[in-house]
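Undergrad: As given, the protein sequences belong to chains A and B, one line each in that order. To convert, note that position 142 of the first sequence is 348 in this note's numbering; the numbers rise steadily by one, no gaps. To convert, note that position 151 of the second sequence is 357 in this note's numbering; the numbers rise steadily by one, no gaps. Ideal Cβ positions, reconstructed from N, Cα and C, are used throughout, including at glycine. Structure below; questions to follow.
Protein chains: 2
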Amino acid sequence: MKTLTLPPQAAQVGLAVDVAAFAMHESELQVLLVQRGTLPHAQVWALPGGFVQLHEELHEAALRELREETSISLEPRHLEQFYTFGAPERDPRGRIVSVAHLAVLPHGTVQVTGGSGTLAAGWFPAHTPPPLAFDHAQILERALRRLQTRLEYAQLALEFLPETFTLPELQEVHEAILAKKLDKRNFRKRLLAQGLLILSGERRNGVGRPAQLYRRSKTARRTTV
Amino acid sequence: MKTLTLPPQAAQVGLAVDVAAFAMHESELQVLLVQRGTLPHAQVWALPGGFVQLHEELHEAALRELREETSISLEPRHLEQFYTFGAPERDPRGRIVSVAHLAVLPHGTVQVTGGSGTLAAGWFPAHTPPPLAFDHAQILERALRRLQTRLEYAQLALEFLPETFTLPELQEVHEAILAKKLDKRNFRKRLLAQGLLILSGERRNGVGRPAQLYRRSKTARRTTV
DNA sequence: GCAAAAGTGTTGCGTGTACACCCATGC
DNA sequence: GCATGGGTGTACACGCAACACTTTTGC
């Protein structure tokens, strides 16, 4: 390992990343959790995360921990850092600061198993999670708020869905994230007015009247920050 | 110094805070910079900042560095963490991750001098700063964007002004942050409709017609974290 | 009385919201 | 033919942007 030349006043802190990874399952917004295999908080559920390596970008560390601890195969469709948690006593092992990330996993990310250091991995209702280790309940809460505000501007909801999807499915994603019902007509009007969706022409068979399929237009690029 | 029991895989990184502190001077949005006294980037201007101490909250570290390096006396009226910069090569001394903070200093924070480790401190136009050390130009840019989005919702602009102020003064703050002119009538209508301002009755003498003085209503709370 | 800055209203447009019925399909 | 979910339009409220003249003071 390379030796560093940090100034003497640099406190020795551990730098970690934690990831709140969301996906839609059964019309509900779910969050990916792992069951810790080691102390502290052994057997307690927690957000996947771990220590950043020396020459690793923060978002790379987040991706790596997500893969290592949950054995997911699909790449997240969205990944952003959203807050850094650094209260001195947040981790009993010492001073550990965590850069928290928000991830969106695409539809179909169902199978998860425990990975290195974890007993298990699984999906849980994002708005009503089980008891969580460390300050992860706070982290999750803030992740949800960020997800909600992101939804207003961007086309982030599309990242939860497969290539083609129906408008009722898209509305379900919005309703799951915002935790409230939306008006069908207003929702359609608003979404179609944005010009991000193009009609895919085909139809999908279900129980009632078949829904029209859409896909995201290639020009879905507007990240007006 | 207390010995920590960090897990072996915890990379040894330095944890720093940097502060983009803004104030209004001469109808312009200004940012507080310090001239570095040590390598690397000696004599180059930079955002005030430094290493977090072991048992210190992140925002406390930000406040401490601000005071130590710039000798300001007034407390910031707003302080929030807004992004964490962690590119592996952002600091030539080694892996140093910086939790960047946004601060608003009240009107009257004029005198600043260099402090420990800095040659000088001074105010610079926030939208057109001098060359900056490390990745501080990026940090400042993101701080400005955050300031602009904060302005929409909150009463953050009030933090730039003294106890009592006039509507033209408040409009100047908004215009300086957004870097664009606003319509006087629309601005007044919008701000007064929010109910955050109460008429202070007095008047202030100037060149033309005197302006009415306002103060913030009691329900407008401070936003320092 | 004139220069300089403060103050004041109306209109149009776009956006969001409330709200109820018909349509296409499987069984 | 009926149960199931998909699809459609209008009317009102609200917020935002555009726009020009009068008022109060100092000199």
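What's the gap between the Cα of Ala417/A and the Cα of Val225/B?
TA: About 52 Å.
Undergrad: In chain B, which residues lie with their C-beta within 7 Å of the C-beta of Val379/A?
TA: Neighbours of Val379/A on chain B: none; closest Cβ ~24 Å, over 7 Å.
Undergrad: In three-state terms, what does DSSP make of Val318/B?
TA: In the structure shown, Val318/B sits in coil (DSSP, three-state: anything other than H, G, I, E or B).
Undergrad: Specify the secondary structure class of Arg409/B as computed by DSSP and reduced to three states.
TA: Note: Arg409/B maps to strand in three-state DSSP.
Undergrad: DSSP has Leu239/A in a bridge; who is on the other side?
TA: According to DSSP, which records beta bridges pairwise, Leu239/A is partnered with Gly328/A.
Undergrad: Compare the C-beta of Thr430/A against all C-beta atoms of chain B and say whether one is closer than 8 Å.
TA: Bear in mind that a pLDDT of 25 at Thr430/A, under 50, signals an unreliable position, so the number given afterwards is only what the model happens to contain. Thr430/A does not count as touching chain B.
Undergrad: Roughly how many angstroms separate the alpha carbons of Ala332/B and Leu245/A, rounded to a whole number?
TA: Distance between the alpha carbons of Ala332/B and Leu245/A: 47 Å.
Undergrad: Can you list, in chain order, the residues of its chain whose CB lies under 8 Å from that of Thr209/A, leaving out five sequence neighbours each side?
TA: Note that Thr209/A has pLDDT 43, beneath the 50 cutoff, so the model's placement of it is unreliable and the number below is only indicative. Once the five neighbours on either side are set aside, Thr209/A has no close Cβ partner at all.
Undergrad: If you compare alpha carbons, which of His265/B, Arg352/B, Thr372/B and Glu274/B is closest to Arg409/B?
TA: Looking at the Cα atoms, Thr372/B is the closest of the given residues.
Undergrad: With 16 other CB atoms within 10 Å as the buried threshold, where does Thr334/A fall?
TA: The residue in question, Thr334/A, is exposed, as its Cβ has fewer than 16 Cβ neighbours within 10 Å.
Undergrad: What three-state label does DSSP hand Leu305/A in the structure shown?
TA: Leu is not the amino acid found at residue 305/A; the sequence shown has Val there. Val305/A falls in the strand class under three-state DSSP.
Undergrad: Which residue comes first and which comes last in the alpha helix (DSSP H) that contains Glu274/B?
TA: Unbroken alpha helix (DSSP H) run through Glu274/B: Leu264 to Thr276.
Undergrad: Can you grab the Cα-Cα spacing for the pair His342/B / Tyr420/A, in whole Å?
TA: Rounded to whole angstroms, His342/B to Tyr420/A spans 43 Å at the Cα level.
Undergrad: Of the residues that make up the segment 296 to 314 of chain A, which ones have a beta carbon closer than 8 Å to any beta carbon in chain B?
TA: Flagged, chain order: Arg299, Gly300, Arg301, Ile302, Val303 and Val305.
Undergrad: Does Gly412/B have its Cβ less than 8 Å from a Cβ in chain A?
TA: No, its Cβ sits nowhere closer than 8 Å to a Cβ of chain A.
Undergrad: Opposite Asp224/B in the DSSP bridges: which residues?
TA: Answer is Gly255/B and Ala306/B.
Undergrad: Less than 8 Å between C-beta atoms, sequence neighbours within five positions excluded: which residues of the same chain meet that for Thr348/A?
TA: In the sequence as displayed, the identity of residue 348/A is Arg instead of Thr. Within the same chain, Arg348/A has close Cβ partners Phe288, Tyr289 and Ala306.
Undergrad: Among the candidates Pro282/B, His247/B, Pro254/B and His265/B, whose CA atom is the shortest distance from the CA of Glu230/B?
TA: Reading the sequence as shown, one finds Met at residue 230/B and not Glu. Minimum Cα distance to Met230/B is reached at Pro282/B.
Undergrad: In the DSSP assignment, the beta strand (DSSP E) including Leu285/B goes from what residue to what residue?
TA: Where Leu285/B is concerned, the enclosing beta strand (DSSP E) stretches over His284 to Phe291.
Undergrad: What does Gln287/B touch in chain A if you count any residue whose Cβ is under 9 Å from its own?
TA: Near Gln287/B (Cβ distances below 9 Å), the residues of chain A are Tyr289, Thr290 and Gly292.
Undergrad: Distance, Cα to Cα, Ile345/B vs Leu235/A?
TA: Distance between the alpha carbons of Ile345/B and Leu235/A is about 33 Å.
Undergrad: Assuming the contact rule is C-beta atoms closer than 8 Å, Gln249/B and Leu325/B should be a hit. Round their C-beta distance to whole Å, please.
TA: Going by Cβ atoms, the distance from Gln249/B to Leu325/B rounds to 7 Å, so yes, they are a contact pair.
Undergrad: Could you give the distance in angstroms between the alpha-carbon of Arg394/A and the alpha-carbon of Asn392/B?
TA: If I take the Cα positions, the gap works out to 32 Å.
Undergrad: Given a limit of 8 Å on CB to CB distance, which residues of the segment 258 to 280 of chain A reach chain B?
TA: Result list: Val258, Gln259, Leu260, His261, Glu262, Glu263 and Leu264.
Undergrad: Give the secondary structure of Arg348/B by DSSP, where H, G and I count as helix, E and B as strand, and everything else as coil.
TA: Residue state, collapsed to three classes: helix.
Undergrad: Are Gly220/B and Ile278/B closer than 8 Å when you measure CB to CB?
TA: No, they are not a contact pair.
Undergrad: What residue range does the alpha helix (DSSP H) around Phe371/A cover?
TA: Premise fails: Phe371/A lies in the beta strand (DSSP E), Thr370 to Thr372, not in any alpha helix (DSSP H).
Undergrad: Do Pro312/B and Leu167/B count as a contact pair if the criterion is CB distance below 8 Å?
TA: This structure gives no information on residue 167/B, because the portion of chain B shown stretches from 207 to 431.
Undergrad: In the DSSP assignment, what are the bridge partners of Val219/A?
TA: In the DSSP output, where bridge partners are listed per residue, Val219/A has Val219/B.
Undergrad: Under a three-way DSSP split, which group does Gln418/A fall into?
TA: Of the three classes helix, strand and coil, the one that applies to Gln418/A here is strand, per DSSP.
Undergrad: Whose C-alpha, out of Glu266/A, Leu238/A, Ser233/A and Gly255/A, is nearest the C-alpha of Phe340/A?
TA: It is Gly255/A.
Undergrad: Going by DSSP in three states, His380/B sits in which element: helix, strand or coil?
TA: In the structure shown, His380/B sits in a helix (DSSP, three-state: H, G or I).
Undergrad: Hey, how far is the Cα of Gln241/A from the Cα of Leu367/B?
TA: When rounded, the distance between both Cα atoms is 50 Å.
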